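Colleague:
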Amino acid sequence: MTESAPAPPERRTYSYLGPAGTFTEAALAQVPEARGQIWRPVRNVPEALADVVEGRADAAMIAIENSVDGGVSTTQDALATIPGLRIVGEYLVPVRFVLVGRPGVRLEDVSLVAAHPVAYGQCLQWLGANLPAHAHLPASSNVAAAVEMLDGTTAADAAIAPPAILDHHDLQLLAEDIGDNPNAVTRFVLVARTVAPPPPTGADKTSLIVELPDDHPGALLDMLEQFATRGINLSLLASRPIGDELGRYRFVVDADGHVFDERMADALLGLRRFSPKVVFLGSYPRADRAIVHYPDRYADEVFVEARDWLRGLISGEPGE
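Going letter by letter, the sequence shown gives residues 429 to 748 in our numbering.
1) Who are the Cβ neighbours of S569 in its own chain at under 6 Å, not counting the five residues just before and after it?
2) Give me the Cα-Cα distance between R530 and P591, rounded to the nearest whole angstrom.
3) Using the Cβ count rule (16 or more neighbours within 10 Å means buried), how would you classify G498?
4) Would H686 be called buried (16 or more neighbouring beta carbons within 10 Å of its own) or exposed?
5) Do A508 and R701 have their C-beta atoms within less than 9 Å of each other?
6) Below 8 Å, how does it come out for the stretch 576-588 and the stretch 540-560: are there three or more Cβ pairs, yes or no?
7) At 4 residues or longer, and completely inside the stretch 527-598: list those alpha helix (DSSP H) runs for me, N to C.
8) Which residues share a DSSP beta bridge with E493?
9) By the three-class DSSP mapping on this structure, what secondary structure does Q465 have?
10) What separation, rounded to the nearest whole angstrom, lies between the Cα atoms of R725 and P522?
11) Quick check on this structure: which residue in S635, T441, L709 has the alpha carbon closest to the alpha carbon of G752?
12) Out of D728, V546, P460, which one is the CA nearest neighbour of A612?
13) Considering only residues of the same chain and omitting the five flanking positions on each side of A476, which have a CB-CB separation below 6 Å?
14) For D694 and R658, I'd like the C-alpha separation in whole angstroms.
15) How should A604 be labelled, buried or exposed, when 16 other C-beta atoms within 10 angstroms of its C-beta is the threshold for buried?
16) Can you name, in chain order, every residue of its own chain whose Cβ lies under 8 Å from the Cβ of A561, other than the five neighbours on each side?
17) How about V473 and T450: are their beta carbons less than 9 Å apart?
18) Taking the C-alpha atoms as reference points, what is the distance between I670 and D682?
19) Return the first residue and the last residue of the beta strand (DSSP E) that R471 is part of.
20) Between N609 and the rest of its own chain, which residues show a CB-CB distance below 6 Å, the 5 nearest in sequence each way excluded?
21) Leaving out five residues on either side along the sequence, give the residues of the same chain with a beta carbon under 8 Å from the beta carbon of A573.
22) Which of the three DSSP states is assigned to R440 in this structure?
23) On a CA-only basis, which of I660, Y548, I719 is nearest R691? Give me that one, please.
24) D650 lies in the alpha helix (DSSP H); which residues open and close that run?
25) Beta-carbon within less than 8 Å of G710's beta-carbon, same chain only, minus the 5 sequence neighbours each way: which residues are those?
26) Out of V480, A485, L594, L520, which one is the CA nearest neighbour of E438?
27) Can you look up E481 in the DSSP assignment and give me helix, strand or coil?
28) State the beta-bridge partners of D684 as determined by DSSP.
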């Protein structure tokens, strides 16, 4: 009797903002475990996260921050309001733009440029210098702008798009590197269903969303002191309206360190004591792999020693 061959491992599914050629696809290409798996293009961030929550995808790649335009509000609001999600990794993608047209189009023929408003804003200087009389046609995404131009569903003569668009569509390259900021970078996060954090690497980041209890003098300071008094540096602090009334905000926080670090765990306990809602989005390796440094007085063993000292006082041991 011959043994049957073992069944191939089940492929995982990753959702990302499509179609092919987007910056989000470039971020997903950086994930080693996603290679050779199923990549599911979606139309927006809520759809990508719904895929994860409802089990159509194992994880989703979404943009969360841009070095020029700041936080992506759609992503931040979705992570604040959709339960059961956890960030498991972050990835950085340099933002480069090209100007493309239909085959045969020349740069001097261009009078109407299609682009997502964010991309358009990041190319204004180049457009003003090279196409001073152009008009802007807003698009839902840069790849969509190029594809719609190619299939004739838009009147645009050219589109601003990521360079990878040329790998997927027969387009005329009109100009390269048209972005005004050569150092522009978009930060993406890979989001899965809630899982236990991976072990710390020493180069980690913890993401949180924190609501303030009420509007009173020093409320924000109370929150910030939970980090400052424990030697934790914040790499992101952004406010977003909660939406139930004017003057109510939640804060998106990226803190250097891992929840398994004693100082970070102690800070989370402090936040929990006064905040009506703390959303733990995850502790995960930093994209730049930069080691997190802190003063010796905030080392894990210092926190452990302090707790042991307090237990000794409570149990009646002689103090030192």
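Here a beta-carbon is modelled for each residue, glycine too, at the ideal position from N, C-alpha and C.
Here the structure is a predicted model, which means the values were calculated and not measured.
Modeller: So, from the data block:
1) Translated into the one-based positions of the sequence shown, residue 569 becomes position 141. Closer than 6 Å at Cβ, skipping near neighbours: H544.
2) Within the sequence shown, residue 530 is the residue found at index 102, counting from 1. Within the sequence shown, residue 591 is the residue found at index 163, counting from 1. Cα to Cα, R530 sits roughly 15 Å from P591.
3) Sequence index remark: in the sequence shown, residue 498 carries index 70 (1-based). Exposed is the call here.
4) One-based indexing of the sequence shown puts residue 686 at position 258. The residue in question, H686, is buried, as its Cβ has 16 or more Cβ neighbours within 10 Å.
5) If you number the sequence shown from 1, residue 508 lands on position 80. If you number the sequence shown from 1, residue 701 lands on position 273. It is not a contact, given that the beta carbons lie outside the stated cut-off.
6) yes
7) 545-549, 552-558, 570-578
8) Counted from its first residue, the sequence shown places residue 493 at position 65. Looking at the DSSP assignment, E493 forms a beta bridge with G499, R615.
9) Within the sequence shown, numbered from 1, the residue matching residue 465 stands at position 37. In the structure shown, Q465 sits in coil (DSSP, three-state: anything other than H, G, I, E or B).
10) Stepping through the sequence shown from its first residue, residue 725 is reached at position 297. Stepping through the sequence shown from its first residue, residue 522 is reached at position 94. About 37 Å.
11) Given a span of 429 to 748 for the chain in the structure shown, any question on residue 752 remains unanswerable.
12) Counting from 1 along the sequence shown, the entry for residue 612 is found at position 184. Minimum Cα distance to A612 is reached at V546.
13) Counting from 1 along the sequence shown, the entry for residue 476 is found at position 48. So the list reads S443, V470, A488, I490, once near-sequence residues are dropped.
14) Start at 1 with the first residue of the sequence shown, and residue 694 comes out as number 266. Start at 1 with the first residue of the sequence shown, and residue 658 comes out as number 230. Approximately 8 Å, taken between the alpha carbons.
15) Mapped onto the sequence shown, residue 604 falls at position 176. Here residue 604 turns out to be Glu, not Ala, going by the sequence shown. E604 is exposed by the Cβ-count criterion.
16) Here residue 561 corresponds to residue number 133 of the sequence shown, with the count starting at 1. Within the same chain, A561 has close Cβ partners S539.
17) As a position in the sequence shown, residue 473 is number 45, starting the count at 1. As a position in the sequence shown, residue 450 is number 22, starting the count at 1. No. Outside cutoff.
18) For this step, residue 670 is matched to residue 242 along the sequence shown. For this step, residue 682 is matched to residue 254 along the sequence shown. So the two alpha carbons sit approximately 18 Å from each other.
19) In the sequence shown, the residue the question calls residue 471 occupies position 43. Unbroken run through R471: none, as it is neither H nor E.
20) Here residue 609 refers to the residue found at position 181 of the sequence shown. V496.
21) One-based indexing of the sequence shown puts residue 573 at position 145. Closer than 8 Å at the Cβ level, and outside the excluded window around A573, lie A542, A543, H544, L565, A567, T582, A584, A587, I588, A589.
22) If you number the sequence shown from 1, residue 440 lands on position 12. Three-state result, R440: coil.
23) As a first step, residue 691 must be located in the sequence shown, where it is residue number 263. Closest option to R691, Cα to Cα, is I660.
24) Mapped onto the sequence shown, residue 650 falls at position 222. Segment 647-656, the alpha helix (DSSP H) holding D650.
25) Looking up residue 710 in the sequence shown gives position 282. Cβ neighbours of G710 beyond the five flanking positions: R514, I515, V516, P625, T634, S635.
26) Your numbering for residue 438 matches position 10 in the sequence shown. The residue with the shortest Cα to Cα distance from E438 is A485.
27) Position 53 of the sequence shown holds residue 481. According to the sequence provided, residue 481 is Val. The question's Glu does not apply to it. Of the three classes helix, strand and coil, the one that applies to V481 here is helix, per DSSP.
28) Here residue 684 corresponds to residue number 256 of the sequence shown, with the count starting at 1. Note: D684 sits in a beta bridge opposite K633.
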